[in-house]
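Residue numbers (this note's numbering), protein chains in the order written: chain A, 27 to 334; chain B, 27 to 334. Don't be surprised by glycine CBs; every beta carbon is placed ideally from N, CA and C. Everything numeric in this text was worked out from a predicted model, so none of it was measured. Data block below; observations after.
2 protein chains.
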Amino acid sequence: MGKLLIVGTVAFDEIETPFGKTDRILGGAATFIGLAASQFDIESAIVSVVGDDMPQDYLDLLVKKNIDISGIEVVRGGKTFYWKGKYHNDLNSRETLVTELNTLSDFKPVVPTEFKDADVVMLGNLHPEIQMSVIEQMNQRPKFIILDTMNFWMDHALTELINVIEHVDVLTINDEEARQLTEEYSLVKAAEEIHKMGPEYVVIKKGEHGALLFHKEQIFFAPALPLEEVFDPTGAGDTFAGGFAGYLAASDNMSFNNLKSAVIHGSNLASFCVERFGTKRMESLKKEELEKRLHQFKALTQFDIELT
Amino acid sequence: MGKLLIVGTVAFDEIETPFGKTDRILGGAATFIGLAASQFDIESAIVSVVGDDMPQDYLDLLVKKNIDISGIEVVRGGKTFYWKGKYHNDLNSRETLVTELNTLSDFKPVVPTEFKDADVVMLGNLHPEIQMSVIEQMNQRPKFIILDTMNFWMDHALTELINVIEHVDVLTINDEEARQLTEEYSLVKAAEEIHKMGPEYVVIKKGEHGALLFHKEQIFFAPALPLEEVFDPTGAGDTFAGGFAGYLAASDNMSFNNLKSAVIHGSNLASFCVERFGTKRMESLKKEELEKRLHQFKALTQFDIELT
Chain A
27 MGKLLIVGTV AFDEIETPFG KTDRILGGAA TFIGLAASQF DIESAIVSVV
77 GDDMPQDYLD LLVKKNIDIS GIEVVRGGKT FYWKGKYHND LNSRETLVTE
127 LNTLSDFKPV VPTEFKDADV VMLGNLHPEI QMSVIEQMNQ RPKFIILDTM
177 NFWMDHALTE LINVIEHVDV LTINDEEARQ LTEEYSLVKA AEEIHKMGPE
227 YVVIKKGEHG ALLFHKEQIF FAPALPLEEV FDPTGAGDTF AGGFAGYLAA
277 SDNMSFNNLK SAVIHGSNLA SFCVERFGTK RMESLKKEEL EKRLHQFKAL
327 TQFDIELT
Chain B
27 MGKLLIVGTV AFDEIETPFG KTDRILGGAA TFIGLAASQF DIESAIVSVV
77 GDDMPQDYLD LLVKKNIDIS GIEVVRGGKT FYWKGKYHND LNSRETLVTE
127 LNTLSDFKPV VPTEFKDADV VMLGNLHPEI QMSVIEQMNQ RPKFIILDTM
177 NFWMDHALTE LINVIEHVDV LTINDEEARQ LTEEYSLVKA AEEIHKMGPE
227 YVVIKKGEHG ALLFHKEQIF FAPALPLEEV FDPTGAGDTF AGGFAGYLAA
277 SDNMSFNNLK SAVIHGSNLA SFCVERFGTK RMESLKKEEL EKRLHQFKAL
327 TQFDIELT
């Protein structure tokens, strides 16, 4: 059974979409990553920080999914990271209305002793120095380190970001961010530039347009499943990353071929995430539902052209 | 050997991209469709109209690809349809600088007698009444009618457009146009609405994000091949349609499974079209190059997840 260490935010999200709005609900990168990864046969732990305004119910929800939360620091008298956002009609663009870092601004992650030998480390979007400090706490180089990031760090901590990117096996990044980071418009060229920065694999996330996996000259594409309804895209990218990381930790095989399966599993999980507000759909998701939808992914992409 | 009848513009394009600009060069929907379809073992003909300013060299280029041009009316003293456009830096958006309909404004298509029994009819983007008049000239209902259209006709000839859509087997349309036509944001729902309008199949083109094929409950997705360089996107959609139509005419099999292959062939051809200005790449394209790139499409999309 593989061990997965997840680092990222556990947060309050307040979301408005064309279909409704929420109060402060459970969100955060590590939450979505953890819930998605919990679908696989692994041991997992989250390293994060929250204030004591975080309801025990939300933490229990993670524990119920067999996620070790001993690495989630609860700051007494502190407030949890809070994000409020609004999606436009097409759900492809969103506006951040409020960001309160709160306890996140002084976050010093501490990796639990039992996870210092994790096989896979999934570094959710955070300050690159925080991501780096997690790598440095590991007993040995993990088999596989996955890093997610965003444009904010390119604008405000580029040197530190480039430093941590050098130490990871996979960078997951969205298309616009890949272009910003490399100053290449073509995603093929952008991936080549990222390979040169260190990562052997690059995953470029294109939201409703799927995800591309690059490994040197090889490219694999996983579409997003076309859905009748997308209700709330919040957490879809992290859910994708969690499925990707969880599958790799469970299968203990870091070949390109197995990474292809991992991006399909990630896309599969993300297709459920967007069906309800926040974490709602992920909380109740069953293995049978995942299996059924994998058949749809096969039907969606597989074709029979005889080649010589 | 299947017979394919193509109706659409043969035109002058003047194109500016971030990589350079052209003079008036050969363009038009029927031109790109015809060149793409000529890669398959079919008899094909173009029905169109040009002025006598159209150089014989351009028409000869079509004849050299075994395309029957007896249905291309040459209007003495007339001027050929002319489009001038400029692509922005990302090549995903373009601006039309000039559109001169010229001889196209009085176009009355006449289907050559030998093609009134065509197996497949590909109606390129034109006024829906012109498209309808072609269907009406056929000796019998063709095995397969494919219709391409654009938002302009939704704005200016919606009744006529809805009428011709009812008579076809496949509507090919881009994502924004599918949304406009159906007032559904979800492409799955948009395709359902289009099915209700008549077509058994719907192809939604998403440019660099690939194409979706819908057939009732079934969905198939063909990605666009990620390319190092996209030089000029002009004609890519028509090239896709030409590959789709040409493959179907050659294989004489209109099953969903074979249509899946047809959209892959269309995507394959389109991936070459964008590598040079205008029709340049399509003029020299060899069957071996197509075959080689089909392997890339397989590698890009095929995965091995065991399903129960």
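- For A:Val-124, the enclosing beta strand (DSSP E) stretches over residues 120–126.
- Contact annotation for B:Ile-290 against chain A: Phe-329 and Ile-331 [CB-CB distance below 9 Å, chain order].
- In the same chain as A:Arg-205, and ignoring 5 residues on each side of it, the C-beta atoms closer than 7 Å to its own belong to Tyr-211 and Ala-216, in chain order.
- For B:Lys-215, a Cβ of chain A is located within less than 7 Å of the residue's own Cβ.
- Per DSSP, reduced to three states, the secondary structure at A:Met-148 is strand.
- Proximity to A:Ala-275 across A:Phe-66, A:Ala-248, A:Glu-186 and A:Ala-56 peaks at A:Phe-66, based on C-alpha coordinates.
- Straight through space, the alpha carbons of A:Gly-261 and A:Ala-63 are spaced by roughly 13 Å.
- Residue pairing by DSSP places B:Lys-231 opposite B:Asn-200 and B:Ala-237 in a beta bridge.
- Secondary structure of A:Val-136 (DSSP, three-state): coil.
- Each residue's CA atom was taken as its position, placing A:Gly-97 and A:Ile-72 some 6 Å apart.
- Straight across, the Cα-Cα distance linking B:Val-196 with B:Glu-332 is about 33 Å.
- Think of a sphere of 8 Å around the beta carbon of B:His-321: the chain A residues whose beta carbon falls inside it are Leu-333, in chain order.
- Taking the C-beta atoms as reference points, A:Phe-107 is found nearer than 7 Å to A:Leu-130.
- Apart from sequence neighbours up to five positions away, the residues of its chain that approach B:Ser-293 with a beta-carbon distance below 8 Å are Gly-236, Ala-237, Ala-248, Pro-249, Ala-250, Leu-251, Phe-266, Gly-269 and Phe-323, ordered along the chain.
- Nearest to A:Val-76 by alpha-carbon distance, out of A:Gly-111, A:Ser-70 and A:Gly-54, is A:Gly-54.
- Chain B has a Cβ within less than 7 Å of the Cβ of A:Phe-247.
- Closer than 7 Å at the C-beta level to chain A, one finds no residue of the region 51–64 of chain B.
- Residue-level contact check: B:Glu-254 touches chain A, since one or more beta carbons of chain A fall below 7 Å from its beta carbon.
- Distance between A:Phe-170 and A:Asp-145, taken at the CA atoms: about 6 Å.
- Per DSSP, the beta bridge partners of A:Thr-43 are A:Gly-46.
- Linking A:Glu-209 to A:Glu-219 through their CA atoms gives a straight-line distance of about 9 Å.
- Between B:Asp-94 and B:Met-148, the alpha-carbon positions lie close to 14 Å from each other.
- Rounded to the nearest whole angstrom, the CA to CA distance from A:Lys-134 to A:His-153 is 11 Å.
- At a Cβ-Cβ threshold of 7 Å, A:Ser-74 and A:Ala-56 count as neighbours.
- Here B:Leu-127 is exposed: its Cβ has fewer than 16 other Cβ atoms, across all protein chains shown, within 10 Å.
- Per the C-alpha coordinates, the member of B:His-241, B:Ser-277, B:Glu-186 and B:Glu-309 positioned closest to B:Thr-198 is B:His-241.
- A:Ala-37 is classed as buried because its beta carbon has at least 16 other beta carbons within 10 Å across all chains shown.
- Membership of B:Glu-218 in the alpha helix (DSSP H) is indicated by the continuous run 213–222.
- B:Lys-169 carries a coil assignment under DSSP once its states are collapsed to helix, strand and coil.
- Flagged as an interface residue toward chain A: B:Leu-326, by a C-beta distance shorter than 7 Å.
- Within the model, the alpha-carbon separation for A:His-193 versus A:Val-228 is close to 13 Å.
- Taking the Cα positions, B:His-182 is about 27 Å away from B:Leu-117.
- Among the residues facing chain B, A:Lys-286 is included, as its CB has a counterpart in that chain under 7 Å away.
- The residue from A:Thr-48, A:Phe-298 and A:Met-164 with its alpha-carbon nearest to that of A:Thr-139 is A:Met-164.
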